[in-house]
Amino acid sequence: MSNSSPADGPITVALTRESLRSGQLRDVLERHGPDFKTLSDDELAASRASMFPPSGRPDRDVWLFGYGSLIWNPAIEFAEQRNATVRGLHRRFCLRTELGRGTPELPGLVLGLDRGGQCRGVAFRIPKDIAETELEIVWRREMVTYAYRPRWLKAATDEGPIDVIGFVINRTHDRYCGQLPEDDVAATIAHACGFLGPCCDYLFNTVDHLRDLGMPDTGLERLARRVAAKQASAGPTSADGDLDARSENA
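Each residue of the sequence shown is one higher than the one before, counting from 411 in this note's numbering.
Below is the structure:
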């Protein structure tokens with residue numbers, strides 16, 4: 411992670427265990443946007459504890475559901491992963507980002523779990539003895555603002571049903587966009603870029619890894635083709651329009 415100030419040039423961040431545990435992601439968000447509401451350490455701890463009544467601590471192994479960048483950059487330690495399907499929710503580019511994958515002048519979009527349909531993703535099993543430490547990292551990533559709400563969800567896997575923690579979009583958040591026209595989504599993703607990198611990398615990585623896992627998302631595949639076409643028609647840009655693009659940022 412760069413420690414440069416805006417006057418020194420653009421700040422870039424790699425989402426790693428270290429940058430998340432140290433609170434660097436939150437620090438960069440606050441520096442980029444002084445009015446950007448982030449959760450304090452106490453608020454993060456309270457939110458996490460609310461998932462494990464009455465003690466506030468995990469008393470068993472915990473499954474975590476990834477449907478976007480968690481699939482290809484989990485940044486946590488885990489003992490097992492399974493392909494998993496959650497019903498009643500689907501993945502959608504419905505959260506505007508003016509910092510991580512965009513700017514105030516050219517906002518980007520990131521995924522959220524929204525109502526309806528189903529979502530195929532990855533469930534990660536975190537052993538009980540490290541669950542508290544690993545979930546702290548997850549909360550510093552997913553709950554840095556109130557854009558998501560942690561929920562216990564039922565997931566189907568080939569090995570049987572499991573309960574998973576998933577982060578569902580907060581429809582009352584001011585950056586929630588709902589269902590946008592696909593062409594508008596493609597145009598946004600094609601050109602937006604923030605301190606976490608190009609918005610298109612977020613999409614392309616998700617598409618590629620879902621395909622590699624044997625559960626391609628046809629809607630995201632179609633969207634990725636539209637994004638690549640828009641980038642090609644616009645000519646060379648700072649974002650790579652290749653569908654095989656790879657990034658370790660989330």
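Note that CB positions come from ideal geometry on N, CA and C, so glycine has one too. Predicted model, so just to flag it, every value in this text is computed and none were measured.
Closest Cα partner of residue i within the set the options
| i | options | result |
| --- | --- | --- |
| His619 | Glu546, Gly478 and Gly527 | Gly478 |
| Ala531 | Val496, Glu542, Pro560 and Pro514 | For the sequence presented, residue 531 should be read as Gly rather than Ala. The candidate whose alpha carbon is nearest that of Gly531 is Val496. |
| Tyr612 | Arg502, Ile536, Thr582 and Val574 | Arg502 |
| Arg635 | Val520, Val595 and Ala602 | Val595 |
| Ala485 | Ile579, Arg551, Asp452 and Tyr558 | Arg551 |
| Ala557 | Leu449, Phe605 and Gly527 | Leu449 |
| Gly576 | Gly510, Asp593, Arg458 and Glu487 | Arg458 |
| Arg455 | Gly607, Val548 and Arg535 | First, the residue type needs correcting, since residue 455 is Ala and not Arg in the sequence shown. Cα-wise, what sits closest to Ala455 is Val548. |
| Asp593 | Leu630, Phe488 and Pro514 | Leu630 |
| Ile599 | Gly510, Ser460, His500 and Leu439 | Gly510 |
| Glu703 | Met461, Pro571, Val554 and Thr582 | Given a span of 411 to 660 for the chain in the structure shown, any question on residue 703 remains unanswerable. |
| Leu425 | Ala644, Arg470, Asn483 and Lys447 | Asn483 |
| Tyr586 | Arg492, Asn493, Cys504 and Ile421 | Cys504 |
| Gly526 | Val617, Gly498, Glu508 and Asn615 | Gly498 |
| Leu623 | Phe446, Asn493, Val438 and Arg470 | Asn493 |
| Pro560 | Pro514, Asp524, Glu428 and Gln528 | Asp524 |
| Ala680 | Ser429, Cys610, Glu453 and Asp471 | Here the chain comprises residues numbered 411 to 660, so residue 680 is not present and cannot be evaluated. |
| His500 | Gln528, Ala597 and Pro514 | Gln528 |
| Ile421 | Glu428, Gln434 and Met625 | Gln434 |
With 16 other Cβ atoms within 10 Å as the buried cut-off, status of residue i
| i | result |
| --- | --- |
| Trp562 | exposed |
| Gly466 | exposed |
| Arg436 | buried |
| Gly392 | The requested residue 392 is not part of the displayed model; the chain covers only 411 to 660. |
| Ala642 | exposed |
| Gly651 | Bear in mind that a pLDDT of 39 at Gly651, under 50, signals an unreliable position, so the model cannot answer this. |
| Ser460 | exposed |
| Glu544 | buried |
| Ser432 | exposed |
| Gly604 | buried |
| Thr582 | exposed |
| Pro571 | exposed |
| Pro608 | buried |
| Asn615 | buried |
Expected contact under 8 Å - CB spacing of residue i and residue j to nearest Å
| i | j | result |
| --- | --- | --- |
| Arg506 | Leu516 | About 11 Å; that fails the 8 Å criterion. |
| Lys538 | Pro468 | 6 Å |
| Ile579 | Gly522 | 3 Å |
| Trp473 | Asp573 | 6 Å |
| Leu633 | Val423 | No, Leu633 and Val423 are not in contact; Cβ-Cβ is about 25 Å, not under 8 Å. |
| Phe475 | Ile536 | Not quite, the Cβ-Cβ distance comes to about 12 Å (not below 8 Å), so this is no contact. |
| Ala565 | Ala533 | 6 Å |
| Ala644 | Gly512 | Between Gly512 and Ala644 the Cβ distance is about 17 Å, and since that is not below 8 Å, they are no contact. |
| Asp627 | Val617 | 7 Å |
Where residue i falls: helix, strand or coil (DSSP)
| i | result |
| --- | --- |
| Thr616 | helix |
| Leu545 | helix |
| Ala638 | helix |
| Cys610 | helix |
| Val578 | strand |
| Asp524 | strand |
| Arg497 | strand |
| Val423 | coil |
| Gly588 | coil |
| Ile536 | strand |
| Asp568 | coil |
| Glu515 | coil |
| Leu449 | coil |
| Val386 | In this structure the chain extends from 411 to 660, so residue 386 is not present and cannot be described. |
| Gly466 | coil |
| Glu428 | helix |
| Leu623 | coil |
| Glu440 | helix |
| Gly629 | helix |
| Asp471 | coil |
Any non-hydrogen atom of the ligand ZN within 7 Å of residue i CB
| i | result |
| --- | --- |
| Asp593 | Among the components modelled here there is no ligand, and therefore nothing to report on the ligand ZN. |
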